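**Student:** Chains as they are written, first to last, in the working numbering: chain R, -6 to 596; chain V, 1075 to 1256.
Yeah, the Cβ is synthetic: ideal placement off N, Cα and C, and Gly gets one too.
Values in this document were obtained by computation on a predicted structure and should not be read as measured data.
1. Using the C-alpha atoms, what's the distance from residue 226 of chain R back to residue 1086 of chain V?
2. Would you mind giving the Cβ-Cβ distance between residue 280 of chain R and residue 361 of chain R, rounded to the nearest angstrom? I have them listed as a contact below 8 Å.
3. Measuring only between beta-carbons, confirm whether residue 591 of chain R sits less than 7 Å from chain V.
4. Which residue's Cα is closest to the Cα of residue 374 of chain R: R/179, R/483, R/3, R/461?
5. Are the C-beta atoms of residue 1076 of chain V and some chain R residue less than 7 Å apart?
6. Name, please, each residue of chain R whose Cβ falls closer than 8 Å to the Cβ of residue 1205 of chain V.
7. Below 7 Å between beta carbons: does that hold for residue 1091 of chain V and residue 1126 of chain V?
8. To the nearest angstrom, how far is the alpha carbon of residue 653 of chain R from that of residue 1144 of chain V?
9. Name the chain R residues whose beta carbon is nearer than 7 Å to that of residue 1084 of chain V?
10. Considering only their Cβ atoms, is the gap separating residue 357 of chain R from residue 228 of chain R smaller than 7 Å?
11. What residues from chain R crowd round residue 1199 of chain V, counting only those whose CB sits closer than 7 Å?
12. So, does the CB of residue 651 of chain R fall closer than 7 Å to a CB anywhere in chain V?
13. Looking at the strands, I want to know which residues DSSP matches up with residue 467 of chain R.
14. Evaluate residue 1250 of chain V with the Cβ neighbour count: other Cβ atoms within 10 Å of its Cβ, from every protein chain shown; 16 or more gives buried, anything less gives exposed.
15. Just how far apart, CA to CA, sit residue 662 of chain R and residue 1182 of chain V?
16. Would you say residue 336 of chain R reaches chain V, if we count a Cβ-Cβ gap shorter than 7 Å as a contact?
17. Counting only beta-carbon atoms, is residue 1179 of chain V nearer than 7 Å to chain R?
18. If contact is defined by three or more beta carbon pairs under 8 Å, each pair taking one atom from either stretch, is the segment 392 to 403 of chain R in contact with the segment 169 to 179 of chain R?
19. Would you report the Cα separation of residue 443 of chain R and residue 540 of chain R, rounded to the nearest angstrom?
20. Rounded to whole angstroms, what is the Cα-Cα separation between residue 588 of chain R and residue 581 of chain R?
21. Do residue 348 of chain R and residue 340 of chain R have their beta-carbon atoms positioned less than 7 Å apart in this structure?
22. Residue 445 of chain R bridges to which residues according to DSSP?
23. Tell me the rounded alpha-carbon separation between residue 33 of chain R and residue 494 of chain R.
24. If the criterion is Cβ atoms closer than 7 Å, does the pair residue 282 of chain R and residue 338 of chain R meet it?
25. Distance, Cα to Cα, residue 535 of chain R vs residue 333 of chain R?
26. Check whether the Cβ of residue 570 of chain R lies closer than 6 Å to any heavy atom of the ligand FAD, and answer yes or no.
27. Should the segment 1185 to 1194 of chain V be called in touch with the segment 1117 to 1135 of chain V, which here means at least 3 C-beta pairs below 8 Å?
28. Between residue 258 of chain R and the rest of its own chain, which residues show a CB-CB distance below 7 Å, the 5 nearest in sequence each way excluded?
29. Using a Cβ-Cβ distance cut-off of 7 Å, determine whether residue 1208 of chain V contacts chain R.
30. At least one CB of chain R closer than 7 Å to the CB of residue 1141 of chain V: is that the case?
31. Report all residues from its chain with a CB closer than 7 Å to the CB of residue 586 of chain R; omit the five preceding and five following residues, and keep chain order.
32. For the structure I just gave you, are there three or more beta carbon pairs, one from the segment 565 to 583 of chain R and one from the segment 511 to 528 of chain R, closer than 8 Å?
33. I'd like the span of the beta strand (DSSP E) that includes residue 126 of chain R, first residue to last.
34. Closest to residue 1077 of chain V by CA distance: which of V/1101, V/1112, V/1244, V/1173 is it?
35. Could you give the C-beta distance for residue 1224 of chain V and residue 1162 of chain V, rounded to a whole number, given that I count them as a contact under 8 Å?
36. Say whether the segment 425 to 433 of chain R touches the segment 364 to 371 of chain R, bearing in mind that this needs 3 or more beta-carbon pairs closer than 8 Å, one atom from each stretch.
Set out below in structure tokens:
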């Protein structure tokens, strides 16, 4: 085994920044990363064993304990639960004879929970040995387990038909559907691939490219909305031996799946966007950080890159432009929502725990390996290509004054047409609901758990950076949904699970707030609990990154917009109830020492 | 002005906060002019003998007796103050939170390196003993607490200023240094 580990380390030139890849390769052979392996890695990579352990323990998809031969990761997102996850889970548990989080005694099947895997429009979904299984039912769950028990391979258990579009390509072979419902400026197939690299970059200076992007007024499509032209300008002016372009494809915000579709159907445009950014900023390396959940796209995407190299759209002197050398590498993540935050993503790219950095300095000055780095969203990069081709004026006609252009929405939940909709900014929420076939709507979550839960009175509001910003996630809830238990509680569980733990505020406060929420849901809440939640949530704003700062949003925005749901649950006749039960809290110790609980009720 | 009645207790604490009360030094003579102590270790009165204005709680709750004492304080006092880290957050005793209680008991009474004489491997279970709670609770998770005075222990000046403000109804000045510890 030692030889094989050293072989793997040598494959990556003993570069400790490639630890993520090294761990992936080791797991592929042995299924987990044991103590002995960690010692070898520490020795050869010149790191401490603690540093390796830090990375191994941080990500969902690395393990320091042996896993099963087949590992089922069942998605635990809101929409999965809305679409019958519980029944599917029961069927899995029953068929395997284990509870979630366990492994069968023969070591063949492991059953685990995981955060949103980007399949919100085809839930409940699971990842089984890196293959995505969508639209699961209890019947399918039993069928899968029975098949595995009879020795069938995971591939054989996928359904006969593949998904639509490129999902059916042999190199992808996934049962995932794109569900593209509405196309616009970005998705319309009116762009001859590589026109920008081939015809425009050779005749245009880097400054001119940045000017076009600036004049187009496009803002980052990941959610934060930083002006992309400005980011490129900062990147091009920052000093450093190398500069880097990073494409952030760690699409982890529950409810978004647009990057998955772009990477499936429009990967050339995404990569072309990276090349264009590299040209404009003066970078020589591009890195696409692909979330582990989309690993099924990896071979396909590497194939696209290989083709681009063959036709000299990657490599040395691209498209004949003297001295323009640029290549792209895909870095596979290992399961961590926080890595969608750009500085956490960079830490992860360097092989470390995905913990956000203190800012400033921003990545444009000190990013990957402390060198100037421009991090852009998948959608931004694909869009930029069309902007360069058609001009800034063309793009400025789209959208509204505050927010120019179009946005890909990932719509899911209680609607007839879940999927991808490309819309111009400025569209009203009510129009969006009509468009996706949503009736009897109680609420819609705009921008994922870190966004806002809004109700009917806000349906006239418009999508825009100043009014209702969104990274694209829209989850619809109809009037039958119990918003507090089905939605808000699920989102709080999500934030607690995904906090990196660096800031004490984010490590503790969501936990405290969830306790309050549960108290209200369980009928022990009082009016002050509601006020406490709103006030205490403010503490989170001192957290280092967006996850911490927005971790209370599910509670705060539901209190703001659905106060009546909370009011209906709290006790009216008393002013204070801590929710504490002496009887319940002594049970465990009495059992341990073998005595009967005894209470002095006159106290 | 009529004297305010004060009661104090130490639950799962180390009495350090009570020591800090004594650290107000000669001002204790001024305090006696302002207040009368009822149930408190300071004067060793064991039970409430009259309604109390201000109850001061040191320590969190680790067992059923702590809970009963705290509840009796809530019942008999108009205002309750959590004094110090343990009352406010559980403090050092709360280090056991997260460790299964049976494991804690086994370590303390059976397996620990200092256990010598417990040859019969008995875990204390007499009905006279308070029952341990599943974890150590801060006071406000049991009853309503009106004010919190942080510190380990809270500085004598903070205790003095807070009591004077509460008794005289004046505004309490809380400079940053008094409540910021790290």
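**Tutor:** With the structure as the only source:
1. Reading the second chain from its first residue, position 12 is the one you call residue 1086 of chain V. Reading the first chain from its first residue, position 233 is the one you call residue 226 of chain R. Using only the alpha carbons, I get a separation of about 60 Å.
2. Locating residue 280 of chain R in the first chain gives position 287, where the first residue counts as 1. Locating residue 361 of chain R in the first chain gives position 368, where the first residue counts as 1. At roughly 7 Å, the Cβ-Cβ gap stays under 8 Å, so residue 280 of chain R and residue 361 of chain R are in contact.
3. Taking the first residue of the first chain as 1, we reach residue 591 of chain R at position 598. Answer yes: the Cβ-Cβ gap between residue 591 of chain R and chain V drops below 7 Å somewhere.
4. Position 381 of the first chain, counting from 1, holds the residue named residue 374 of chain R. The shortest C-alpha separation from residue 374 of chain R is found at R/179.
5. The residue labelled residue 1076 of chain V in the question sits at position 2 within the second chain. No, its Cβ sits nowhere closer than 7 Å to a Cβ of chain R.
6. Here residue 1205 of chain V refers to the residue found at position 131 when the second chain is read from its first residue. Within chain R, 579, 582, 583, 588, 590, 591 have C-beta atoms less than 8 Å from the C-beta of residue 1205 of chain V, given in sequence order.
7. Looking up residue 1091 of chain V in the second chain gives position 17. Looking up residue 1126 of chain V in the second chain gives position 52. No. Outside cutoff.
8. Here chain R has residues from -6 to 596 only, and residue 653 of chain R is not among them.
9. Taking the second chain and counting its residues from 1, one reaches residue 1084 of chain V at position 10. Chain R residues near residue 1084 of chain V: none, gap ~18 Å exceeds 7 Å.
10. Translated into the one-based positions of the first chain, residue 228 of chain R becomes position 235. Translated into the one-based positions of the first chain, residue 357 of chain R becomes position 364. Yes, the pair counts as a contact, with Cβ atoms nearer than the cut-off.
11. For this step, residue 1199 of chain V is matched to residue 125 along the second chain. 586, 587, 588, listed in chain order.
12. Within the shown structure, residues of chain R are numbered from -6 to 596, placing residue 651 of chain R beyond reach of any answer.
13. Numbered from 1 along the first chain, position 474 holds the residue referred to as residue 467 of chain R. Answer is R/404, R/439.
14. Within the second chain, the letter at position 176 stands for residue 1250 of chain V. So residue 1250 of chain V counts as exposed.
15. The shown model of chain R, from -6 to 596, leaves out residue 662 of chain R, and the question about it has no answer.
16. Indexing the first chain from 1 puts residue 336 of chain R at position 343. Taking Cβ atoms only, chain V never reaches closer than 7 Å to residue 336 of chain R, which makes this a no.
17. Against the second chain, residue 1179 of chain V aligns to sequence position 105. True, the Cβ-Cβ gap to chain R drops below 7 Å.
18. yes
19. Residue 443 of chain R sits at position 450 when you count from the first residue of the first chain. Residue 540 of chain R sits at position 547 when you count from the first residue of the first chain. The alpha-carbon atoms of residue 443 of chain R and residue 540 of chain R are separated by roughly 7 Å.
20. To locate residue 588 of chain R, count along the first chain from 1; it is residue 595. To locate residue 581 of chain R, count along the first chain from 1; it is residue 588. Their backbone Cα atoms lie some 10 Å apart in a straight line.
21. For the purposes of this step, residue 340 of chain R is identified with residue 347 of the first chain, where counting begins at 1. For the purposes of this step, residue 348 of chain R is identified with residue 355 of the first chain, where counting begins at 1. Yes, the Cβ-Cβ distance between residue 340 of chain R and residue 348 of chain R is below 7 Å.
22. What you label residue 445 of chain R is simply residue 452 of the first chain in a count that begins at 1. Answer is R/439, bridged to residue 445 of chain R.
23. Translated into positions along the first chain, residue 33 of chain R becomes position 40. Translated into positions along the first chain, residue 494 of chain R becomes position 501. Going from the Cα of residue 33 of chain R to the Cα of residue 494 of chain R covers about 28 Å.
24. Translated into the one-based positions of the first chain, residue 282 of chain R becomes position 289. Translated into the one-based positions of the first chain, residue 338 of chain R becomes position 345. Contact flag set, yes.
25. Walking along the first chain from the start, residue 535 of chain R turns up at place 542. Walking along the first chain from the start, residue 333 of chain R turns up at place 340. Roughly 19 Å separates the two Cα atoms.
26. Of the ligands one can find in the structure shown there are none, so the ligand FAD has no counterpart to examine.
27. no
28. Working through the first chain from its first residue, we reach residue 258 of chain R at position 265. Cβ neighbours of residue 258 of chain R beyond the five flanking positions: 158, 159, 171.
29. The residue you call residue 1208 of chain V lines up with position 134 of the second chain. Yes, contact with chain R.
30. To locate residue 1141 of chain V, count along the second chain from 1; it is residue 67. So yes, residue 1141 of chain V belongs to the interface.
31. Indexing the first chain from 1 puts residue 586 of chain R at position 593. Nothing listed; no residue qualifies.
32. yes
33. The sequence position of residue 126 of chain R within the first chain is 133, counting from 1. Where residue 126 of chain R is concerned, the enclosing beta strand (DSSP E) stretches over 124 to 126.
34. If you number the second chain from 1, residue 1077 of chain V lands on position 3. For the residues V/1101, V/1112, V/1244, V/1173, the minimum Cα distance to residue 1077 of chain V belongs to V/1112.
35. Residue mapping note: residue 1224 of chain V aligns to position 150 of the second chain, counting from 1. Residue mapping note: residue 1162 of chain V aligns to position 88 of the second chain, counting from 1. Rounded, the Cβ-Cβ distance is 6 Å, consistent with contact.
36. no
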